[in-house]
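So the structure is just underneath, and the comments pick up after that.
Chains as they are written, first to last, in this note's numbering: chain A, 30 to 337; chain B, 414 to 578.
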């Protein structure tokens, strides 16, 4: 019996490119780029190239504190859920031309992108540490603040081009409206990735490491990995929307990776050049300044839709 | 399996995460520890990261001559660091209680309470010395990870050759 080529294709996407085999090294690479960019901006040499990989392996070899009961079980589960959601989100990115299924489904992608931050909130509360709870509360507020803009931007891009499939969106010619949407998504990424102007949930000078304060060993390694995978998924989403449509597969993949790298570099530079804002300033920034973007984008999208 | 052990050993040597604890220090050693992370000394080249939570750390860096108030906290934090772990005593105070010797507010030196692996003497020590001490502790940590001690380390296992009164 010849196996279904669609199935093989889908598995290859999930496991090889842009799935796990590409995403995990890319996650470590982006974590390194983040740290290295901050170091270079501060005039330091910074960590060696393999540093996030060494950190990951080292954390796998550490012991974890004994956890008992349902809370302990949940605390062990959250990082695993976060990693699998982030990996699934990366696997959904339509880098190569696809053949149906869940590939490039925007709604599923958004849900999977949102899941790690839900897990962070839950993890902080189930750790029952006061710092974890403060961190989780901040993460929840932050998530409410940026998600309005983030979702409106994506909906406006999708509505203007009459499709919720990322692949179809990527193939359509880019309109000025899509650039507006991409810009609004880019503004949301620092908050989504907990980078510096909006690094409230893991503000290490105030609340140690926020929701992760009670995590150790392999569990912490999973959190680091899920953060890296979030980097890959979020930058991949922007790269998909911004990349020009090219039929050559290897060139498309190369441009995709190059765009992701550029976004990581921009965001890390921004992170090292700015200081952390307070929670009220952050919320005000998203709800007053950036919301205008999103409202502009969605209203023009609807207008275009009615006119066409 | 052997390859995995080698990789683990190498990773432990190259990614020491620190937790910094003050046990009644005058703040001199604390600013030197922070100085070792600044652009001039840049300990991050060795993979060093200063962590906020003892749960994340591999190496516990303790400064100060250990006051009565700090004893319980030191033992709690030492227990919270997950194994394999190492302890670096920064400055002359945790090694000998320094000029505060015989003070009625002190319960030092540090190795009365927890096993210390590396002493970095000085009042305060230079950041270079602190980085060297951390690197040494990372090596000890990697070895300890390979051959875990059967019982809790005793004070006799402390390497005392570096102590300068």
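Yeah, the Cβ is synthetic: ideal placement off N, Cα and C, and Gly gets one too.
Using a Cβ-Cβ cut-off of less than 8 Å, list which residues of the stretch 238–266 of chain A approach chain B; keep chain order.
Those would be 238, 241, 242, 243, 244, 245, 246, 249, in chain order.
Enumerate in chain order the residues of its own chain whose CB-to-CB distance from residue 172/A is below 7 Å, with the five nearest sequence positions on each side excluded.
Short of 7 Å from the beta carbon of residue 172/A, and not among the five residues preceding or following it, lie these beta carbons of its own chain, in chain order: 146.
Cβ closer than 9 Å: which chain A residues qualify as neighbours of residue 421/B?
Ordered by position in chain A, the residues that pass the 9 Å Cβ test against residue 421/B are 86, 87, 89, 90.
Of the listed residues 252/A, 148/A, 184/A, nearest to residue 324/A (C-alpha basis)
Distances from the CA of residue 324/A to each of 252/A, 148/A, 184/A were compared; the closest alpha carbon is that of 184/A.
Rounding to the nearest angstrom, what Cα-Cα distance links residue 253/A and residue 429/B in this structure?
C-alpha separation (whole angstroms): 16 Å.
Report all residues from its chain with a CB closer than 7 Å to the CB of residue 236/A; omit the five preceding and five following residues, and keep chain order.
Within the same chain, and ignoring the five residues on either side of residue 236/A in sequence, the residues whose Cβ sits closer than 7 Å to its Cβ are 160, 163, 164.
Between residue 495/B and chain A, is any beta-carbon pair separated by less than 8 Å?
Interface residue, yes.
Between residue 231/A and the rest of its own chain, which residues show a CB-CB distance below 6 Å, the 5 nearest in sequence each way excluded?
Only 223, 238, 239 meet the Cβ criterion.
8 Å Cβ cutoff, residue 75/A in contact with chain B:
Against chain B, the CB of residue 75/A has a partner CB under 8 Å away; the residue lies at that interface.
The stretch 326–333 of chain A in contact with the stretch 86–103 of chain A per 3-pair CB rule at 8 Å:
No, the stretch 326–333 of chain A does not touch the stretch 86–103 of chain A.
Kindly say whether residue 72/A, judged by its beta-carbon, lies nearer than 8 Å to any beta-carbon of chain B.
Answer yes: the Cβ-Cβ gap between residue 72/A and chain B drops below 8 Å somewhere.
CA-CA distance, residue 314/A and residue 334/A?
About 29 Å.
Just by C-beta distance, which residues in the stretch 92–118 of chain A are closer than 7 Å to chain B?
Listed by position, the residues of the stretch 92–118 of chain A near chain B (Cβ gap below 7 Å) are 92, 93, 94.
Roughly how far, in whole angstroms, is the beta-carbon of residue 338/A from the beta-carbon of residue 142/A, given that I think they are within contact range, below 8 Å?
Absent from the structure is residue 338/A, since the part of chain A shown begins at 30 and ends at 337.
Quick check: the stretch 467–481 of chain B against the stretch 489–496 of chain B, are at least 3 beta-carbon pairs closer than 8 Å?
Because the criterion of three Cβ pairs below 8 Å is met, the stretch 489–496 of chain B and the stretch 467–481 of chain B touch.
Closest by C-alpha distance to residue 108/A, when choosing among 120/A, 152/A, 119/A
Closest by alpha carbon: 152/A.
Any beta carbon from chain A within less than 8 Å of residue 455/B's own beta carbon?
So yes, residue 455/B belongs to the interface.
Near residue 578/B, which residues of its chain fall below 7 Å by C-beta distance, leaving aside the five closest residues on each side in sequence?
Because the pLDDT of residue 578/B is 36, which lies under 50, any placement of that residue in the model is unreliable, and the number read from its coordinates should be weighed accordingly. Excluding residues up to 5 positions away in sequence, 509 lie with their Cβ nearer than 7 Å to the Cβ of residue 578/B in the same chain.
By Cβ distance below 6 Å, which residues in the same chain neighbour residue 76/A in space, the five residues on each side in sequence not counted?
Taken in chain order, the residues that qualify are 64.
Given a cut-off of 8 Å on the beta-carbon distance, is the pair residue 212/A and residue 189/A in contact?
Here residue 212/A is not near residue 189/A, since their CB atoms are 8 Å or more apart.
List, from N- to C-terminal side, the beta strand (DSSP E) runs of 3 residues or more that fit wholly inside the stretch 230–287 of chain A.
Qualifying beta strand (DSSP E) stretches: none in this window.
Please determine, among 234/A, 310/A, 242/A, the residue with the shortest C-alpha to C-alpha distance to residue 227/A.
For the residues 234/A, 310/A, 242/A, the minimum Cα distance to residue 227/A belongs to 310/A.
6 Å Cβ shell around residue 281/A - same chain, five flanking residues per side excluded
Cβ neighbours of residue 281/A beyond the five flanking positions: 275.
Quick test of your reading: residue 533/B and residue 546/B, contact by CB under 8 Å. State the CB separation rounded to the nearest angstrom.
Yes, they are in contact, since the Cβ atoms of residue 533/B and residue 546/B sit about 4 Å apart, within 8 Å.
Could you tell me which residues DSSP pairs with residue 426/B in its beta bridges?
Bridge partners of residue 426/B: none, in fact.
Sort 55/A, 138/A, 91/A, 101/A by Cα distance to residue 499/B and report the nearest one.
Minimum Cα distance to residue 499/B is reached at 91/A.
Can you tell me the Cα-Cα spacing of residue 446/B and residue 134/A, whole angstroms?
A direct Cα-to-Cα measurement between residue 446/B and residue 134/A gives close to 50 Å.
Taking only beta-carbon positions, decide if residue 452/B is within less than 8 Å of chain A.
Yes, residue 452/B lies at the interface with chain A (some Cβ there is under 8 Å from its Cβ).
Nearest by alpha-carbon distance to residue 448/B: which of 538/B, 475/B, 518/B is it?
Ranking 538/B, 475/B, 518/B by Cα distance to residue 448/B puts 538/B first.
Could you name the residues of the same chain whose beta carbon sits closer than 8 Å to that of residue 316/A, not counting the 5 residues immediately before and after it, in chain order?
Around residue 316/A: 174, 177.
Does the beta-carbon of residue 536/B have 16 or more other beta-carbons within 10 angstroms, so that it is buried, or is it exposed?
Exposed is the call here.
Residue 502/B to residue 301/A, Cα distance in whole Å?
Taking the straight line joining both Cα atoms gives about 32 Å.
Would a C-beta distance cut-off of 8 Å place residue 180/A and residue 322/A closer than the cut-off?
No, the pair does not count as a contact, with Cβ atoms beyond the cut-off.
What residues of chain B sit near residue 233/A, judged by a beta carbon separation below 7 Å?
Neighbours of residue 233/A on chain B, chain order: 465.
Who are the near neighbours of residue 186/A in its chain, counting only those whose CB is closer than 8 Å to its CB and skipping five residues on each side?
Here the set comprises 198, 206, 207, 210, 211, 270, 326, 330.
Run of the beta strand (DSSP E) containing residue 474/B, from where it starts to where it stops:
Element bounds for residue 474/B: 472–476.
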